[in-house]
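Residue 1 is where the sequence shown starts when you use the numbering used here, and the numbers rise one by one after that. Built from N, CA and C at the ideal position, the CB exists for glycine as well. All values derive from a computational prediction rather than experimental measurement. Below is one structure, written out as structure tokens, with a few remarks after it.
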Amino acid sequence: MDADDLEPRKKPQALKNLDPMSIDELRDYIADLKGEIARVEQAITAKQAVKAGAEAFFKR
């Protein structure tokens with residue numbers, strides 16, 4: 001069991017209303033989301049590296 005399993009799950013964020021947004025605003029929104037996805041992927045990579053290091057240390 002991972003420590004992540006013990007943390008309560010967060011409620012999904014409410015979906016943003018896209019209807020009033022212009023095409024340019026939608027494109028900007030996509031760019032923002034892609035930036036956030038990249039940030040999350042970096043956090044995952046960092047956590048995986050820490051986890052792998054800890055597992056390697058304790059398997060000695």
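What's the gap between the Cα of Lys10 and the Cα of Ala31? Between Lys10 and Ala31, the C-alpha separation is close to 24 Å.
Should Leu15 and Leu26 be called a contact, given that it needs their Cβ atoms to be closer than 8 Å? no
Once DSSP output is grouped into helix, strand and coil, what is the label at Gln13? coil
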